[in-house]
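Q: With positions in the sequence shown counted from 1, the corresponding number in the numbering used here is that position plus 25.
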Amino acid sequence: MEKYDLVVAGAGGGLVGAIKAAQLGVKVLLIDASPDFINTCNTSMTSGMFPASGSRWQKEKGIVDSPEIFANDIMKKTKNSGHVVATQALTNVSVEVFEWMADSLGVPWELVTDFHYPGHSVDRCLSVPGRMGQLVLGPIWKVASDQKLFDFRASTRLVDVVIKDGQVVAAVVENADGSQEEIATDNVLMATNGYGANQKLLAEHNEEVSYIYYHGSRYSKGEALQIGMKHGAGYGYLDSYQGHAAISSHAKTLVGWTTIMQGGFIVNSSGERFGDESAGYSEYAAILNDQKGNTGWIIIDNAIHEGSMLFKEYEYTAASGAIVWADSIEELATAIAVPADKLMAELENAHAVHDGKGEDRFGRKSFEKRLQAPFGAIKVRPALFHTQGGVQVNANAQVLREDGSVIKGLYAAGGAAVGISGHGSDGYLAGNGLLPAFGFSYLAAKAVASQLVSR
26 MEKYDLVVAG AGGGLVGAIK AAQLGVKVLL IDASPDFINT CNTSMTSGMF
76 PASGSRWQKE KGIVDSPEIF ANDIMKKTKN SGHVVATQAL TNVSVEVFEW
126 MADSLGVPWE LVTDFHYPGH SVDRCLSVPG RMGQLVLGPI WKVASDQKLF
176 DFRASTRLVD VVIKDGQVVA AVVENADGSQ EEIATDNVLM ATNGYGANQK
226 LLAEHNEEVS YIYYHGSRYS KGEALQIGMK HGAGYGYLDS YQGHAAISSH
276 AKTLVGWTTI MQGGFIVNSS GERFGDESAG YSEYAAILND QKGNTGWIII
326 DNAIHEGSML FKEYEYTAAS GAIVWADSIE ELATAIAVPA DKLMAELENA
376 HAVHDGKGED RFGRKSFEKR LQAPFGAIKV RPALFHTQGG VQVNANAQVL
426 REDGSVIKGL YAAGGAAVGI SGHGSDGYLA GNGLLPAFGF SYLAAKAVAS
476 QLVSR
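#1: With distances taken between CB atoms, is the gap from M126 to A455 smaller than 7 Å?
#2: Near S80, what residues of its chain come up, given a Cβ to Cβ distance below 6 Å and the 5 sequence neighbours on each side ignored?
#3: Since E206 is in the beta strand (DSSP E), which residue starts that stretch and which ends it?
#4: Specify the secondary structure class of S294 as computed by DSSP and reduced to three states.
#5: Check for me: the alpha helix (DSSP H) holding S129 runs from which residue to which?
#6: Could you give the first and the last residue of the continuous alpha helix (DSSP H) run that contains F95?
#7: Assess contact between the region 418-427 and the region 316-324, defined as three or more Cβ pairs (one per stretch) separated by less than 8 Å. Is contact present?
#8: CB-CB under 6 Å to F175, same chain, minus the five flanking residues each way: which ones, in chain order?
#9: Assuming G401 and I348 make a contact with CB atoms under 8 Å, what is their CB distance in whole Å?
#10: Mind checking who Y239 pairs with in its DSSP beta bridge?
#11: With 16 as the cutoff for other CB atoms within 10 Å, does K225 come out buried or exposed?
#12: Hey, how far is the Cα of Y29 from the Cα of A58?
#13: Which term fits R480, buried or exposed, when burial requires 16 or more other beta carbons within 10 angstroms of its beta carbon?
#14: G440 and T103 - do their beta-carbons sit closer together than 7 Å?
#15: For K45, which three-state DSSP category applies?
#16: Spatial neighbours of S146 within its chain, please: C-beta separation below 6 Å, excluding the five flanking residues on both sides.
#17: For I445, does the three-state DSSP call read helix, strand or coil?
#18: Suppose you measure from the CA of V161 to the CA of I272; what does that come to, to the nearest Å?
#19: Rounded to whole angstroms, what is the Cα-Cα separation between P60 and R182?
#20: Give every residue of the same chain whose Cβ lies closer than 7 Å to the Cβ of A474, excluding the five residues on either side of it in the sequence, and list them in chain order.
#21: Assuming contact is defined by CB atoms lying nearer than 7 Å, are Q287 and I329 in contact in what I supplied?
#22: In angstroms, rounded to a whole number, what distance separates the CA positions of Q83 and I94?
#23: Rounding to the nearest angstrom, what Cα-Cα distance links V109 and G434 in this structure?
#24: Compare the beta carbon distance of G253 and L409 with 7 Å and say whether it is the shorter of the two.
#25: If you drop the 5 nearest sequence neighbours on each side, which residues of the same chain put their C-beta closer than 7 Å to that of N293?
#26: Tell me the rounded alpha-carbon separation between N105 and V198.
#27: Less than 7 Å separating the beta-carbons of F336 and G289?
#28: Are A437 and V405 closer than 7 Å when you measure CB to CB?
#29: Looking at the structure shown, is L425 part of a helix, part of a strand, or coil, going by DSSP?
#30: Thinking C-beta only, is S307 closer than 7 Å to Y453?
#31: Using a threshold of 7 Å, state whether the C-beta atoms of S333 and T412 are closer than that.
#32: Among the candidates E355, A216, R389, D202, whose CA atom is the shortest distance from the CA of A34?
#33: What is the C-beta distance between V32 and T278, in whole angstroms, given that I count them as a contact (C-beta under 8 Å)?
#34: If you count every other CB in all the chains shown that lies within 10 Å of the CB of V137, and 16 or more means buried, which is it?
#35: For K246 and V122, I'd like the C-alpha separation in whole angstroms.
#36: What is the DSSP secondary structure of D366, reduced to helix, strand or coil?
This is the structure we're talking about:
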């Protein structure tokens, strides 16, 4: 039976871990539960925002940033409840991993500066033209395939690991036909995301979102958490998750929070706002879920619409016919069946705050622009994107037992590991899912390679 130095389970962030390890001379097998991970993994379904603190793209624009500044932003957003070790490890490696992706894999990063994500004190999010995770993974996968860097098996799910004398010796996988087999290896990287698609685990660990529409990969079943627990791993932040308050009810696509950060706002079926949208899209999901019908309307204008077309997912939303347009607020109110006087009052409030002539009753400090006719409305619903808690890891992504000792040969990244968003949903910053997925996979790859060299 063929033996691998490393088996990577999960081809989202795990893909970069597999590539980096292979480049360092590690014999790698990459597996994924999906037959088509490029289109179905959580990374592909994101808007592709990757935060890097102190990157060359920031320096080109005169933006001063550092891992310390980024870590402070994370701790501020989480009210100092974020995982300290993970936060430090990931903020420290963020520039290295994303600059490596540009230089080694040809990823055409652009610094996003046309609007500002909540909680980030400076512009640090990188994305690619089209701003969609799928557009990041596709070209990376082509590089890996063209260079034949590692072996790959689709429709193959990690279900367990074999540990002898405290050391991983095999990965147990389930094939598409339901058969199981052991693959000999000394190292396994669990990059299989969290447990958002596992209703039982949600009810047990994260009841707050167990009944909210799930907008993530159907393959996120929580195998890593279950495997880790079986073998005595510590775990934490299982109540942490990323929600999103801007999923199109009509198209089930991601409308995106750029609509809000450019000056839009959300009203309920009564035509009234019900919170400070600028606090963040993750925590606003639960707030939206409390409204009548669990839905709302994002109110925009044509300038916001054009600015949002930089995002492929928004482009898909617009093409689906999900946007209701009208030449006046009164006509828009009629079209979406809300009281015109209430909707007009909200528009006037937004204009007053923008002009510095009023204070928002919910504490929103700014509306980026005055909305101008024609006006648009997009019906939205809240969603769970992914869970943010998992097995305990150290700065090298090694899985730790409850007593803090290392389970030799077992690694975790992304939603499989503890996250950096604290508890609940309000500690989430844009990129807090992708950075742990890619950052910890990269760190795990380097750790495995280093151990092989030292033998």
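Glycine included, each C-beta is placed from N, C-alpha and C at the ideal position. In this text the structure is predicted, and so the values were computed from the model without any measurement.
A: So, from the data block:
#1: no
#2: V120
#3: 205-210
#4: coil
#5: 109-130
#6: 92-102
#7: no
#8: A43, A47, V53, L55
#9: 5 Å
#10: L409
#11: exposed
#12: 19 Å
#13: exposed
#14: no
#15: helix
#16: D98
#17: coil
#18: 21 Å
#19: 11 Å
#20: A46, L49, G50, V51
#21: yes
#22: 13 Å
#23: 23 Å
#24: no
#25: F299, Q316, K317, G321
#26: 38 Å
#27: no
#28: no
#29: strand
#30: yes
#31: no
#32: A216
#33: Going by Cβ atoms, the distance from V32 to T278 rounds to 34 Å, so no, they are not a contact pair.
#34: buried
#35: 27 Å
#36: helix
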